[in-house]
Amino acid sequence: MSQAEPTLSIDDESTPGAEATRLAAYVHDERLALYYRSLRQSLLAVLVNSLVLWWLLRDSAAPLALHGWLAATLAVSAYRLWTARGFARATPPDRRETRWYRHAIAGALLSGLTWGAAGFILFTAENSYDLSLLAFIIAGMCAGAVVSLAAFIEASLPFLALCILPFAVRLFAEGSLPAIQLGTIALLYLGFMALVTRRVHETLTRGFEMTHLRQRAEETVERQALYDDLTGLPNRRLLTDRLRQARAHALRQGNRAALLFLDLDHFKRINDSLGHSAGDAVLQAVAARLRDKLRETDTASRLGGDEFVVLLTELDGTLEHVIQHTHNTAERIRAAIAEPITIEGTQLHLSASIGVSLMPSDSEDTEDLLRHADTAMYQAKDEGRNAVRFFVHEMQQAIEARLSLEQQLREALARDELELYLQPQCDARGATFGAEALLRWQRNGQWIPPSEFIPVAEETGLIYDLGDWVVNEACRLLAGFRELPGCEALVMAVNVSTRQFTRMGFSDAVLAALERHRVPAAQLELEVTESLFIDELGTTQECMARLHEAGLRFAIDDFGTGYSSLRYLQTLAVDSLKIDQSFVRGVIDNHGDASIVRATLSMAQALKLTVLAEGVESEDIREFLVLLGCQRFQGYLFGRPVPAQAFREQLLSGEVAPPP
Ligand code: C2E
Ligand code: CA
Ligand code: CA
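Each residue of the sequence shown is one higher than the one before, counting from -10 in the working numbering.
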């Protein structure tokens, strides 16, 4: 990932240093909360004990000292009560402020001071009953502090010292044996209490730590169940939940939500060429860009693979306004993803296809919403990728129509209801030397053009069976034509779609069909398109070479309309180019078309390839093409595609020639 890329917060969160800091902060917060929680109870004990002391010592202690002490004690308690109330009212973030900690320490120390003062100024050596009462109360306050202040070892130890030391000092100053004995006991008691305090403190701290670790573990489990590991984005489960909420909310508030279904274009290529770690880095970068472009209320999630879903909620205003806003957001996301990104030192240009559906208008339930956005995303892909498309109801209908088309095509294939029409391929004089086999399908008495059903067959994989049928049928027809006079070398061209060609076992199926009908391989020409040379060149090359060696011919169909490089013409086993109809049609009037045709012819000559012009409809065009040097033609001028029987009759009545 390049330096400029934002790193993921989830990774920061799990560094050991950060974890320790978080633990310390948690323990600190809990200690403070515990102190303030138990403060009222401590203050009650202080009040009762100080009043008891004040009452019982009213005759023996000096009045000024006694009243002054009580007033000071009550003042300190009032201050502590005030801090406790303040803390109780503070919001959790406010409670983190250091003043609460300082108040806690100051309160504890002031309280220790008052009890220390009691031991010092209310000390009476004359009345041993009062002295033991004083000792008893001070000891009691210390014992109480072990519990109430244990969380703050930094306050509880000074508290104990402040409480006991002045009293002990007075006892030692007194000098009598019983006083010195009692003073020694007081010091021992101080030491013992300090030990106990430490113990309690450690136990409490460990308890807090355990609680924190358990909470963290629970959070982790929750995160794993609801969030995607790789990107830290919500996963499908959490998204579904938020979708449901958003829907309920939209219905209640009368506003809308939108769902953006995002799929990276050609992500597989990144994985295949740069490896999975690069793929992962790309997904993380995309997640970061998504987060970057969204509001707090929106949810970006990852469904898996390279599929992301963004939920935009609380969209107010008219439908037009909502559509506009959603479109702007989707475009922003699309543009953000299209920015170049550096992965492991390689600069990549990503793009995404985004489908959008709106709630509540587009759908009855949340599943529909997702499905519709998905459909719209495919529409965006179909229309060339790197685009945003909205789901509209007609789109859904089109999808359903396609599904039923696929089903019917499957049945038609099974019932042998498909047919090959043949269109003659001729030389300049009009003599037929071959034919192109074109698939025809009549559904319920209505012709469905191949441009409609071939893409469906390709998408659904039905093209494999369909293609096998076509190749076999072409061979069967060829075998029949071979018996006609002069037709022993007739070449039949068959269209092969890219998906069909790249399937394992394709070449075996073709060779088997030739074998089955005893047709020489040289009589079969496979028409492939340039899209075959964009992906997976390795397998393509192998398969072509194998078939070529067996004697088959290869033609590039619709030549000039694809985007592939011309280098393949040199390296692959190509025999002929079919100039696309669009160039042929404009060859006389359009200077550009004429140039392309001319360039194709001269390049083919240099590479020793033959050229056939498709879609020749008029005599003028034929003449012009002949002038440019073209020798082979196909088009309505020479004959339309006709059923095999009709073609057979044409062969019998017309002139047949070997390929020029
Ligand atoms: P394509 O391979 O370019 O086939 C030529 C198309 O041009 C055919 O349309 C043909 O009827 C039409 N055509 C021929 N001469 C003329 C002419 O002079 N003027 C005009 N305007 N059109 C002419 P068709 O039969 O509708 O086939 C359309 C496409 O469907 C084919 O284009 C081919 O890509 C595909 N296709 C047809 N049969 C098969 C098949 O068996 N397998 C595969 N994979 N694709 C097929
Ligand atoms: Ca063709
Ligand atoms: Ca063509």
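Where a beta carbon is used, it is the ideal one built from N, C-alpha and C, also for glycine.
Residues bridged to residue 435 (per DSSP): Translated into the one-based positions of the sequence shown, residue 435 becomes position 446. Note: residue 435 sits in a beta bridge opposite 432.
Give me the residue from 231, 235, 271, 550 with the minimum Cα distance to residue 219. As a first step, residue 219 is located in the sequence shown; it is residue number 230 there, counting from the start. When only C-alpha atoms are compared, the closest one is 271.
Take residue -7 and list the residues in its own chain whose beta-carbon comes closer than 6 Å to its own, dropping the five residues that flank it on each side. Here residue -7 refers to the residue found at position 4 of the sequence shown. Residue placement at residue -7 is flagged as unreliable, the pLDDT there being 37, under the threshold of 50; a coordinate-derived value is accordingly withheld.
Taking only heavy atoms of ligand 1 into account, decide whether any of them is closer than 8 Å to the Cβ of residue 629. For the purposes of this step, residue 629 is identified with residue 640 of the sequence shown, where counting begins at 1. Answer for residue 629: yes, Cβ within range of ligand 1.
Give the straight-line distance between the Cα atoms of residue 90 and residue 122, rounded to the nearest whole angstrom. As a first step, residue 90 must be located in the sequence shown, where it is residue number 101. As a first step, residue 122 must be located in the sequence shown, where it is residue number 133. Residue 90 and residue 122: Cα-Cα distance of roughly 33 Å.
Cβ-Cβ separation, residue 641 to residue 467 (assumed contact under 8 Å), whole Å: Your numbering for residue 467 matches position 478 in the sequence shown. Your numbering for residue 641 matches position 652 in the sequence shown. Going by Cβ atoms, the distance from residue 467 to residue 641 rounds to 16 Å, so no, they are not a contact pair.
Counting pairs of Cβ atoms below 8 Å between the stretch 208 to 215 and the stretch 145 to 161, do you hit three or more? Contact fails: fewer than three Cβ-Cβ distances are below 8 Å.
Assign residue 104 to one of two classes, buried (16 or more other C-beta atoms within 10 Å of its C-beta) or exposed (fewer than that). Translated into the one-based positions of the sequence shown, residue 104 becomes position 115. Answer is buried; the Cβ neighbour count reaches 16.
Let me make sure I understand the geometry here. Which of 36, 250, 76 has the alpha-carbon closest to that of residue 61? Here residue 61 refers to the residue found at position 72 of the sequence shown. It is 36.
Can you tell me which of the three DSSP states residue 497 falls into? Within the sequence shown, residue 497 is the residue found at index 508, counting from 1. Reduced to three states, the DSSP call for residue 497 is helix.
Roughly how many angstroms lie between the CA atoms of residue 250 and residue 370, to the nearest whole one? Within the sequence shown, the letter at position 261 stands for residue 250. Within the sequence shown, the letter at position 381 stands for residue 370. So the two alpha carbons sit approximately 12 Å from each other.
Identity of the residue in 79, 73, 358 nearest residue 92 by Cα: Numbered from 1 along the sequence shown, position 103 holds the residue referred to as residue 92. Closest option to residue 92, Cα to Cα, is 73.
Measure the alpha-carbon distance for residue 203 versus residue 8 and round it to whole angstroms. Indexing the sequence shown from 1 puts residue 203 at position 214. Indexing the sequence shown from 1 puts residue 8 at position 19. Rounded to whole angstroms, residue 203 to residue 8 spans 13 Å at the Cα level.
Taking DSSP's pairing of strands, which residues face residue 216 in a bridge? The residue given as residue 216 occupies position 227 in the sequence shown. For residue 216, which the question treats as bridged, DSSP gives the partners 223.
Measuring CA to CA, which of 246, 469, 274, 412 is closest to residue 312? The residue you call residue 312 lines up with position 323 of the sequence shown. Residue 246 is the option with its Cα nearest to residue 312.
Using only Cβ atoms and a threshold of 5 Å, which residues come within that distance of a heavy atom of ligand 2? Order them by chain position. In chain order, the qualifying residues are 484, 516, 546.
In whole angstroms, what is the alpha-carbon distance linking residue 314 and residue 339? As a working mapping, residue 314 is identified with position 325 in the sequence shown. As a working mapping, residue 339 is identified with position 350 in the sequence shown. Straight-line Cα distance between these residues: approximately 24 Å.
Once the 5 residues before and after residue 445 are set aside, which same chain residues still bring their CB inside 8 Å of it? On the sequence shown, position 456 is the one that residue 445 refers to. Correct list, in chain order: 391, 394, 395, 398, 451.
Where does residue 65 land, buried or exposed, given buried means 16+ other C-beta within 10 angstroms? Walking along the sequence shown from the start, residue 65 turns up at place 76. When all chains shown are included, residue 65 counts as buried.
In whole angstroms, what separates the C-alpha of residue 579 from that of residue 589? Locating residue 579 in the sequence shown gives position 590, counting from the first residue. Locating residue 589 in the sequence shown gives position 600, counting from the first residue. Cα to Cα, residue 579 sits roughly 16 Å from residue 589.
Give the single residue among 427, 438, 501, 535 whose Cα lies nearest to the Cα of residue 485. Counted from its first residue, the sequence shown places residue 485 at position 496. The option with the nearest alpha carbon to residue 485 is 427.
Secondary structure of residue 257, DSSP reduced to three states: Mapped onto the sequence shown, residue 257 falls at position 268. The three-state secondary structure of residue 257, taken from DSSP, is helix.
In terms of alpha-carbon separation, which member of 462, 584, 614 lies closest to residue 624? What you label residue 624 is simply residue 635 of the sequence shown in a count that begins at 1. The shortest Cα separation from residue 624 among 462, 584, 614 belongs to 614.
Which stretch, first to last residue, makes up the beta strand (DSSP E) that contains residue 546? The residue given as residue 546 occupies position 557 in the sequence shown. 542 to 548 is the span of the beta strand (DSSP E), which, as asked, contains residue 546.
Where residue 281 and residue 343 are concerned, what is the direct C-alpha to C-alpha distance, given to the nearest angstrom? As a position in the sequence shown, residue 281 is number 292, starting the count at 1. As a position in the sequence shown, residue 343 is number 354, starting the count at 1. Residue 281 and residue 343: Cα-Cα distance of roughly 17 Å.
Which residues does DSSP list as the beta-bridge partners of residue 346? Residue 346 sits at position 357 when you count from the first residue of the sequence shown. Residue 346 pairs with 248.
Would you identify the three-state DSSP class for residue 12, choosing helix, strand or coil? For the purposes of this step, residue 12 is taken as residue 23 along the sequence shown, with counting starting at 1. Helix.
Cβ contact (3+ pairs, closer than 8 Å) linking the stretch 594 to 605 and the stretch 554 to 574: yes
Any heavy atom of ligand 1 closer than 8 Å to the CB of residue 424? Working through the sequence shown from its first residue, we reach residue 424 at position 435. No, the beta carbon of residue 424 sits no closer than 8 Å to any heavy atom of ligand 1.
Would you say the beta carbon of residue 440 is closer than 8 Å to some non-hydrogen atom of ligand 1? Numbered from 1 along the sequence shown, position 451 holds the residue referred to as residue 440. Yes.
In DSSP terms, what residue 410 is bridged to: Locating residue 410 in the sequence shown gives position 421, where the first residue counts as 1. For residue 410, which the question treats as bridged, DSSP gives the partners 427, 632.
With DSSP collapsed to three states, give me the class of residue 2. The sequence position of residue 2 within the sequence shown is 13, counting from 1. Any reading at residue 2 needs caution, since the residue's pLDDT is 49, under 50, leaving its predicted position unreliable; the model's value is listed next. Helix at residue 2.
Going by the DSSP bridge assignment, what does residue 33 pair with across the sheet? Reading the sequence shown from its first residue, position 44 is the one you call residue 33. None; residue 33 has no bridge partner.
Select from 177, 48, 108 the residue whose C-alpha is nearest the C-alpha of residue 151. For the purposes of this step, residue 151 is taken as the residue at position 162 of the sequence shown. The shortest C-alpha separation from residue 151 is found at 108.
Residue 499 vs residue 555 beta-carbon contact at 9 Å: Against the sequence shown, residue 499 aligns to sequence position 510. Against the sequence shown, residue 555 aligns to sequence position 566. No. Outside cutoff.
For residue 523, three-class secondary structure by DSSP: The residue labelled residue 523 in the question sits at position 534 within the sequence shown. If DSSP states are grouped into helix, strand and coil, residue 523 belongs with coil.
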